[in-house]
Amino acid sequence: MSKHHLPRGLDDRARDQNSPKAGEIREKRGDTLVRTLRRDYGQGFAPGVRGDMRLDTLRERTGLSLHQLMKKRTGLKR
């Protein structure tokens, strides 16, 4: 399977290239798995969370956005 990577901005986040959202930061899909995010952001992303959990579930349980999760690298609070 071919992987298509979007150009990254100065903040290392992918941005849309086409109108009408040109330049806006792309939002990760809710069905993205935590194991995929760990591959992209490091194994320390969301420790204590199963790799087959979906991003939308993780956001719902923590109340945090992906950006906040990336900054905190905490995952679920028990």
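So in this note's numbering, spot 18 of the sequence shown is number 22, and the numbers just go up one at a time. For glycine and all other residues, C-beta sits at the position ideal for the given N, C-alpha and C. Please read all numbers here as calculations on a predicted model, not as lab measurements.
Taking the Cα of Asp56 as reference, the smallest distance to any Cα among Arg39, Arg65, Phe49 and Gly46 is reached at Arg39. In the structure shown, Arg33 falls within a coil segment according to DSSP collapsed to helix, strand and coil. DSSP places Arg63 within a helical segment (H, G or I) once states are collapsed to three. For a cut-off of 8 Å, the C-beta gap from Leu73 to Thr66 is around 7 Å, short enough to register as a contact. Beyond the five residues adjoining it in sequence on each side, Leu70 comes within less than 6 Å, by CB distance, of Lys32 in the same chain, given in chain order.
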